[in-house]
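Structure record follows, encoded as structure tokens.
Number of protein chains: 2
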Amino acid sequence: MPTDKNELSERKKLILKAIIDTHINMGEPVGSKYLTRYEQLAFSSATIRNEMAELEEMGYLEQPHTSAGRIPSQLGYRFYVDQLMQQYRMSAAELGELDKLMKLKAAEVDRILDRATKLMSVLTNYTGVALKRSQSQPTIARFDVMYLSPRSFILVMLTSAGAVKTRQLHLGFDVSRETAEKLAALLNEYVAGRDMDKITLPVILEMQTRLGESEQLINPIIKAVWDTVNEPEDSELLFDGVNNLLRYPEFSNIEAVRGVLGMFDEKDELVGVMNHDADSDRTNIYIGSESPVEVMNNSSLIFRTVRNGDRIVGAIGVIGPRRMDYSKVVALVDYMSRNISKLMDSNNLIEDKEE
Amino acid sequence: MPTDKNELSERKKLILKAIIDTHINMGEPVGSKYLTRYEQLAFSSATIRNEMAELEEMGYLEQPHTSAGRIPSQLGYRFYVDQLMQQYRMSAAELGELDKLMKLKAAEVDRILDRATKLMSVLTNYTGVALKRSQSQPTIARFDVMYLSPRSFILVMLTSAGAVKTRQLHLGFDVSRETAEKLAALLNEYVAGRDMDKITLPVILEMQTRLGESEQLINPIIKAVWDTVNEPEDSELLFDGVNNLLRYPEFSNIEAVRGVLGMFDEKDELVGVMNHDADSDRTNIYIGSESPVEVMNNSSLIFRTVRNGDRIVGAIGVIGPRRMDYSKVVALVDYMSRNISKLMDSNNLIEDKEE
DNA sequence: GATTAGCACTTGAGACCTTAGAGTGCTAAA
DNA sequence: TTTAGCACTCTAAGGTCTCAAGTGCTAATC
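Written as structure tokens, this is what we have:
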């Protein structure tokens, strides 16, 4: 618990940053003597020791035991992330890989996120994670009916979000091809582009009247449309590189492993967090127990929304140990989420490309 | 390495079965003295000891070290599974849960498999796993065109497998609504129900002729259909209850955990195995290193195909430690895969039910 | 001939101790 | 204010001992 805000002297900041940088690299507690090797810290180990003691008192550092060095506390990491860490410069190799991904022609969110997740885990050596968010509550922009037989047809719906949804319908009575076409026309006239709660009984009755003979058709159809629009929003969570995590010493005891792996069984919680924070258009960083997903108290989560125009189609991020390379991960997540969003935007505009 | 086939005396079988049953329950090496408590083994520990020594020589048992009891070898488990284990009788509670699942109206493979995977992990306390297999190489049974604007429309395709696929097309030239309709009619006449390799140049030329003015439309369309039919078969793998596994003592050291968890990073391999064996309509049991997925050498995999009519739509199964309760798991996997298949069959026949 | 009691032997797990090394906090000098 | 120096603390790693479990073998017994 820090006594005052921002009371850190420049020297303290320097030392704190050096400790965290070192710990992120080495994974072990950092001692005063080790720090003297940094050019910027041209003090004796004793001086550094005093500063460290104060930093610990302020809550930025912790000591696993008396005779060990210091490790950053959660607060320490938070301060580091907010004020200390430097901008990461991506390597040519990384940029290359990322750009390769961006050249994928497929505009499909699904496939891009799949690949992006894998790439994330490869580039960071942590676990890549992505959320595919299926649009909630879209309206139907356009209807079509695919006539199969007098008693069965497929209702094709283009949602306002640009996805195509279909429902297969089997009837207990015959319907002619003409009626089916008329039905599609009616749906486009009365239902397309409107919120479902605008489709009131009078509207339905009018459609029935205009459809004539097969008026009994309307009810099941409206029901099917309703179901489609109100389909529970089932976000899907993707992982890649889980085994990467297990290579870090902090996951060398079973309890810790059980912890992180808990996320597989708490997918819903994680989805909840990612969905909840998706609306804020910035990079979300959860360090240790900052995450509402209790099971992840030993790890950190960084992610950012992916958009298609205004619409949020998902999120992409990384799960790693608390001492993860925040600077690098933030840079990669930012770059990737931004560019995937851009990619999808530009795909929307393609007018002349299907060679 | 067993010297002779099936040379096991009844008494040896009894002992072997008792050892394996006990080991499956307890997870620890089984000693000769412990076995004397079984009614059926009314011999002295010395006698049993002799038999055990022979069973070990034959390759059915192993001894972790001189002063420990015996554990089943892979061969031992195999023999047990093939000849020794008894039919598992499901409990009322289990049947209840299973039947609840079967009452789901949704005919959607996806959702059923999701739920089934979770249920599997709950009922067995191992990890439930399922494969959703997207149909490979279907032909297109029916086409439809959803006209959006002169330069864009959606091609809707009903595959022979019953799935609806769509492609959004953006053109560099204008097309009239009538042309779009004519296109759909032509596709239904020339392409529907045919293998793509029957769509030769003459056929394409004839379609172009009949389409008249907008003949340039045909090529991109055929390309889109081709892409759809040849879409890489991307099977999806579902997991649930990963943390269940970590509760078993055999996964109390990191190496073992890394092993099982490798399956997350070798999804493709696992998918390969499940896809490969899916064609055989029986319950597949891989014990330890019998599995071609190298990373799973410390665990066992049991799964079985799920069908919709003749078509294989996926598989469902369980991953557990080598000493898993084979009898129970096999019974559950069988029951579940059979009933899901049946459920989907019956859903296919519904003619009059969409409330 | 098959079974069993008895016993010497082997081995891992756990408790306990010791040691080495790292890093600290504090004091006194610079 | 900084630093050298030193006593102190704690862990990790290695070593030793003991206990209990389980074995294999031999000789006696059914």
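One line per chain: the protein sequences are A and B, in this order. Each residue of the first sequence is one higher than the one before, counting from 9 in this note's numbering. Each residue of the second sequence is one higher than the one before, counting from 9 in this note's numbering. Ideal Cβ positions, reconstructed from N, Cα and C, are used throughout, including at glycine. The structure displayed is predicted, hence computed values, not measured ones.
By the CB criterion at 9 Å, A/A124 and A/L103 fall outside the cutoff.
At a cut-off of 3 residues, the continuous stretches assigned as beta strand (DSSP E) that sit fully inside the stretch 235-315 of chain A are 244-248, 292-295. For A/G249, the closest alpha carbon among the candidates A/S260, A/K190, A/G328, A/G84 is that of A/G328. In this structure, B/R141 places its C-beta atom within 9 Å of the C-beta atom of B/A323. Under DSSP, B/V337 forms no beta bridge with any residue.
The beta carbon of B/F51 does not come within 9 Å of any beta carbon belonging to chain A, so the residue lies off that interface. Ranked by Cα distance from B/D182, the options B/S157, B/I162, B/E70, B/Y198 are led by B/S157. Bounds of any beta strand (DSSP E) do not take in B/S81, whose DSSP letter is neither H nor E. Under the three-state reduction of DSSP output, B/V321 falls in the strand class. If you draw a straight line from the Cα of B/E62 to the Cα of B/I56, it comes to about 10 Å.
Classified as buried, B/A264 has 16 or more neighbouring CB atoms from the shown chains inside 10 Å of its CB. Shown here, B/G39 sits in coil according to DSSP, grouped into three states, outside any helix or strand. The C-alpha of A/K350 lies about 46 Å from the C-alpha of B/K350. Relative to the Cα of A/A149, the nearest Cα in the group B/Y155, B/N252, B/F311 belongs to B/Y155. By the Cβ neighbour-count rule, A/G267 is buried, with 16 or more other Cβ atoms within 10 Å of its own. Beta-bridge partners of B/H31 (DSSP): none assigned. Here the alpha carbons of B/E18 and B/D273 stand approximately 44 Å from one another.
Rounded to whole angstroms, the Cβ separation of A/M271 and A/V301 is 7 Å, and the two are in contact under 8 Å.
Interface flag for A/S243 against chain B is unset, since no Cβ pair is found closer than 9 Å. For A/D353, no Cβ of chain B is located within less than 9 Å of the residue's own Cβ.
B/V326 is bridged by DSSP to B/G136, B/I310. For B/I56, the enclosing alpha helix (DSSP H) stretches over residues 53-66.
Distances from the CA of A/H178 to each of A/I229, A/V130, A/A339, A/I28 were compared; the closest alpha carbon is that of A/I229.
DSSP, reduced to helix, strand and coil, places A/T174 within a strand of the structure shown. A Cβ of chain A is located within less than 9 Å of the beta carbon of B/S260. Secondary-structure assignment with DSSP links A/D152 through a beta bridge to A/V164.
If you draw a straight line from the Cα of A/Q71 to the Cα of B/L139, it is about 47 Å long. With a cut-off of 8 Å on Cβ pairs, the stretch 34-46 of chain A is in contact with the stretch 76-91 of chain A, counting three or more such pairs. Around the beta carbon of A/D203, fewer than 16 other beta carbons sit within 10 angstroms, so the residue counts as exposed. Under the 8 Å Cβ criterion, the stretch 251-265 of chain A does not count as touching the stretch 225-239 of chain A, having fewer than three qualifying pairs. Judged by their CB atoms, A/I295 and A/Q82 are nearer to each other than the 9 Å cut-off.
Under the 9 Å criterion on CB atoms, B/I162 is classed as interfacial with respect to chain A. The secondary-structure analysis by DSSP pairs A/S157 across a beta bridge with A/S160. A Cβ of chain A is located within less than 9 Å of the beta carbon of B/M154.
Non-local C-beta neighbours of A/K20 in its own chain, meaning closer than 8 Å and more than five positions away in sequence, comprise E59, E62, L63, ordered along the chain.
Interface with chain B (9 Å Cβ-Cβ cutoff): A/N251 is included.
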